[in-house]
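Numbering (the working numbering), first residue to last: 183 to 677. Glycine residues also receive a C-beta, built at the ideal position from the N, C-alpha and C atoms. The structure under discussion appears below in the form of structure tokens.
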Ligand SMILES: Nc1ncnc2c1ncn2[C@@H]1O[C@H](COP(=O)(O)OP(=O)(O)OP(=O)(O)O)[C@@H](O)[C@H]1O
Ligand SMILES: [Mg+2]
């Protein structure tokens, strides 16, 4: 057995009365890729934040290379060679890529001035290693979520860590970017770096890890060698029972057109895009990251301006002035970035769930009916199976997957006629994923037109009635969900 670079013993952690980690032991060998998996809220990110010096454990010890350590801040963890890529992106939007990557560590000359040429050169090299050719002076605010995730990874790579923690690093990446990341993980491993890899995508867990540790409800269930186990056993360890990944039956019939988009164009991002969405159907948007799927959703929702095109809702031309205007017309958009147009992190679950539906709760005098709000929020908490099943926690204290469920609850509560969901199951565990699929199908069956944007082709093909394939700002094909293969979609996505 190779020596352990990291030894965790008896770690426990509570937040208030809520004990989220119970007596955790975990050893990471030098140069291994160690997957850490478990359901939403199992405690994965919390454990990693303890290793990364963000949270302090209540009990237990940590050893790095045989030396006992107690980190009081992330810098202290970094100094021991531990670097964390967070699940929730934490970049500063109005700084450049380079400023974010080398934040607080910019190369300076003897007068203390930043050496911009060097800063940009080193950032460019890191981004190129990740397969991205981009100007390091670009503001992070202008980047897609996928590229932001890569910037975050570049930042961790720049620290030359000996233990690299990747908390769901691939959730917003395209397939090509994911492949590049796997290659980098292989290279780092060959160079003796240990990697802790958190993911809900079991195929990738098996693709890259040597060993897999499973957390359930804050307890360590066990560690197994990837080559000695399989998906069924792992799911069983995660949830204590078997789960079959099943998609709900497709629409048996669809109604009239609810939304039609014609000739949507903007710069070179969107060119002459047209499609129709029917009542009761789930229409998929497939395509590579940057192919125009999210841009189209944002344009419809009124989040970004367009150069040309008409949007028709129930036969009437509409042009939403703002997101609120769109919501008032029954058009809702669940964003791929939970923080951006999505959740109020510092507010509680209840406030978030009703935040786009306050009109529903106003009495004739315009006063809010608080009892109605409470009942409704509680209903949706149960409905999407939020953990903990409570409408009072602050959203920022929910686990990543539960934030995603809270976001879905918010839009279900808004009674949409058209719901566009962008990566709806991002960071969501296998069980909850099946539940979200069934919520979306129920919504469609009740007469709503649903658009699903997803980078996971099996999800698109399993869930959707029709699939619009995007390619460089155009729709190159609209295919039947049934009977279409991933290869068919890829052909139109890359031709
Ligand atoms: N700062 C905090 N304050 C209070 N509770 C918290 C805090 N951070 C996490 N929790 C709670 O701790 C539990 C574990 O959360 P954690 O984020 O570690 O889960 P996770 O395994 O990473 O889940 P996911 O797969 O959804 O990311 C959850 O119940 C969460 O609500
Ligand atoms: Mg997490």
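Exercise. Take every Cβ of the segment 290-300, pair it with every Cβ of the segment 483-500, and state whether three or more of those distances are shorter than 8 Å.
Key: Contact annotation: the segment 290-300 does not touch the segment 483-500, with fewer than three C-beta pairs closer than 8 Å.
Quiz item: Taking 7 Å as the cut-off, does the CB of residue 226 come closer than this to any heavy atom belonging to ligand 2?
Solution: The residue given as residue 226 occupies position 44 in the chain shown. It does: the Cβ of residue 226 is within 7 Å (strictly closer) of some heavy atom of ligand 2.
Quiz item: What separation, rounded to the nearest whole angstrom, lies between the Cα atoms of residue 383 and residue 353?
Solution: Within the chain shown, numbered from 1, the residue matching residue 383 stands at position 201. Within the chain shown, numbered from 1, the residue matching residue 353 stands at position 171. Each residue's alpha carbon lies about 9 Å from the other.
Quiz item: With contact counted as at least three CB pairs below 8 Å, one residue from each stretch, are the segment 452-463 and the segment 432-441 in contact?
Solution: yes
Quiz item: Comparing the CB of residue 349 with every heavy atom of ligand 2, is any distance shorter than 7 Å?
Solution: Counting from one through the chain shown, the residue named residue 349 turns up at place 167. Residue 349: yes, Cβ under 7 Å from ligand 2.
Self-check item: Reduced DSSP category for residue 204 - H, G, I as helix; E, B as strand; rest coil
Solution: Here residue 204 refers to the residue found at position 22 when the chain shown is read from its first residue. Residue state, collapsed to three classes: strand.
Exercise. Would you mind giving the Cβ-Cβ distance between residue 391 and residue 213, rounded to the nearest angstrom? I have them listed as a contact below 8 Å.
Key: As a working note, residue 391 is residue 209 in the chain shown. As a working note, residue 213 is residue 31 in the chain shown. With a contact defined as Cβ atoms closer than 8 Å, residue 391 and residue 213 miss out at about 13 Å.
Quiz prompt | Residues near residue 401 by beta carbon distance below 7 Å, same chain, minus five either side | solution = Taking the first residue of the chain shown as position 1, residue 401 is located at position 219. Correct list, in chain order: 204.
Self-check item: Bridge partner(s) assigned by DSSP for residue 601
Solution: The sequence position of residue 601 within the chain shown is 419, counting from 1. As computed with DSSP, residue 601 is found in a beta bridge with 514 and 632.
Quiz item: Going by alpha carbons, who is nearest to residue 431 out of 625, 659, 671 and 200?
Solution: In the chain shown, the residue the question calls residue 431 occupies position 249. Checking every option, the nearest Cα to that of residue 431 belongs to 625.
Quiz item: In three-state DSSP terms, what is residue 743?
Solution: A question about residue 743 goes unanswered here, because the residues of the chain that appear run from 183 up to 677.
Quiz item: Any chance the CB of residue 269 is under 7 Å from a heavy atom of ligand 2?
Solution: For the purposes of this step, residue 269 is taken as the residue at position 87 of the chain shown. Yes, the beta carbon of residue 269 sits closer than 7 Å to at least one heavy atom of ligand 2.
Quiz item: For the putative contact between residue 468 and residue 675, defined by C-beta atoms under 8 Å, what is the C-beta separation to the nearest angstrom?
Solution: Translated into positions along the chain shown, residue 468 becomes position 286. Translated into positions along the chain shown, residue 675 becomes position 493. With a Cβ gap of about 6 Å, residue 468 and residue 675 count as contacting.
Quiz prompt | residue 333 Cβ short of 7 Å to ligand 1 heavy atom set | solution = For this step, residue 333 is matched to residue 151 along the chain shown. No, the beta carbon of residue 333 sits no closer than 7 Å to any heavy atom of ligand 1.
Exercise. Provide the residue span of the beta strand (DSSP E) that contains residue 401, from first to last.
Key: Position 219 of the chain shown, counted from the start, is the residue given in the question as residue 401. Looking at the DSSP string, the run of the beta strand (DSSP E) that includes residue 401 is 401-407.
Exercise. Leaving aside the five residues before and after residue 533 along the sequence, list all residues of the same chain whose C-beta is less than 7 Å from its C-beta, in chain order.
Key: The residue given as residue 533 occupies position 351 in the chain shown. Cβ neighbours of residue 533 beyond the five flanking positions: 526.
Practice problem: Output the distance between the C-alpha atoms of residue 602 and residue 463, rounded to the nearest integer angstrom. | Solution: Taking the first residue of the chain shown as 1, we reach residue 602 at position 420. Taking the first residue of the chain shown as 1, we reach residue 463 at position 281. Computed Cα separation, rounded: 12 Å.
Quiz item: For the candidate residues 188, 323, 567 and 290, whose alpha-carbon lies nearest to that of residue 264?
Solution: Counted from its first residue, the chain shown places residue 264 at position 82. Of the listed residues, the one whose Cα sits closest to residue 264 is 188.
Quiz item: Rounded to whole angstroms, how far is the Cβ of residue 479 from the Cβ of residue 647, which I believe are closer than 8 Å?
Solution: As a first step, residue 479 is located in the chain shown; it is residue number 297 there, counting from the start. As a first step, residue 647 is located in the chain shown; it is residue number 465 there, counting from the start. Contact flag wrong, Cβ pair sits at about 18 Å.
Self-check item: Alpha-carbon to alpha-carbon, residue 455 and residue 608
Solution: The residue labelled residue 608 in the question sits at position 426 within the chain shown. The residue labelled residue 455 in the question sits at position 273 within the chain shown. About 26 Å.
Self-check item: Where the beta strand (DSSP E) through residue 651 begins and ends
Solution: Within the chain shown, the letter at position 469 stands for residue 651. Residues 648-653.
Quiz item: Leaving out five residues before and five after residue 234 in sequence, what residues of the same chain have Cβ atoms less than 7 Å from its Cβ?
Solution: Translated into positions along the chain shown, residue 234 becomes position 52. For residue 234, where only same-chain residues beyond five positions count, the Cβ hits under 7 Å are 256, 259, 264, 266 and 347.
Quiz item: Taking the alpha-carbon positions, what's the residue 490 to residue 506 distance?
Solution: Your numbering for residue 490 matches position 308 in the chain shown. Your numbering for residue 506 matches position 324 in the chain shown. Straight-line Cα distance between these residues: approximately 21 Å.
Quiz prompt | Contacting residues, own chain, Cβ-Cβ under 8 Å from residue 449 (five flanking each side not counted) | solution = On the chain shown, position 267 is the one that residue 449 refers to. Apart from the 5 residues on each side of it in sequence, residue 449 sits with its Cβ closer than 8 Å to the Cβ of 489 in its chain, given in chain order.
Quiz item: Whole alpha helix (DSSP H) runs in the segment 295-335 with 4 or more residues, listed along the chain?
Solution: 298-311
Quiz item: Between residue 635 and the rest of its own chain, which residues show a CB-CB distance below 6 Å, the 5 nearest in sequence each way excluded?
Solution: The sequence position of residue 635 within the chain shown is 453, counting from 1. Excluding positions up to five away in sequence, the list reads 467, 475 and 604.
Quiz item: Considering only the beta carbon of each residue, do residue 574 and residue 538 sit closer than 8 Å?
Solution: Here residue 574 corresponds to residue number 392 of the chain shown, with the count starting at 1. Here residue 538 corresponds to residue number 356 of the chain shown, with the count starting at 1. In this structure, residue 538 does not lie closer than 8 Å to residue 574 by Cβ.
Quiz prompt | Cβ-Cβ separation, residue 195 to residue 239 (assumed contact under 8 Å), whole Å | solution = Working through the chain shown from its first residue, we reach residue 239 at position 57. Working through the chain shown from its first residue, we reach residue 195 at position 13. Indeed, because the Cβ distance is near 5 Å, the residues count as touching under 8 Å.
Self-check item: Range covered by the alpha helix (DSSP H) that runs through residue 236
Solution: Along the chain shown, read from residue 1 onward, the residue named residue 236 stands at position 54. It is not in any alpha helix (DSSP H) - residue 236 carries neither H nor E in the DSSP assignment.
Quiz item: Hey, would you say the C-beta of residue 582 is under 7 Å away from at least one heavy atom of ligand 1?
Solution: Sequence index remark: in the chain shown, residue 582 carries index 400 (1-based). Residue 582 Cβ: within cutoff of ligand 1.
Self-check item: residue 282 classed as buried or exposed, judged by whether at least 16 other C-beta atoms fall within 10 angstroms
Solution: Mapped onto the chain shown, residue 282 falls at position 100. So residue 282 ends up on the buried side.
Exercise. Tell me, please, which residues DSSP counts as bridged to residue 195.
Key: By 1-based counting over the chain shown, the position of residue 195 is 13. Note: residue 195 is bridge-paired with 203 in the DSSP secondary-structure output.
Self-check item: Beta-ladder partner(s) of residue 439, from DSSP
Solution: Locating residue 439 in the chain shown gives position 257, counting from the first residue. Its beta-bridge partners are 460.
Practice problem: Look up residue 287 in the DSSP assignment and say whether it is helix, strand or coil. | Solution: Indexing the chain shown from 1 puts residue 287 at position 105. Of the three classes helix, strand and coil, the one that applies to residue 287 here is coil, per DSSP.
Quiz item: What is the rounded straight-line gap between the Cα of residue 388 and the Cα of residue 197?
Solution: The count along the chain shown starts at 1 and reaches residue 388 at position 206. The count along the chain shown starts at 1 and reaches residue 197 at position 15. Taking the Cα positions, residue 388 is about 32 Å away from residue 197.
Exercise. Return the chain-ordered list of same chain residues with a C-beta closer than 8 Å to the C-beta of residue 362, the five sequence neighbours on each side being excluded.
Key: Within the chain shown, numbered from 1, the residue matching residue 362 stands at position 180. Once the five neighbours on either side are set aside, the close Cβ partners of residue 362 are 312 and 313.
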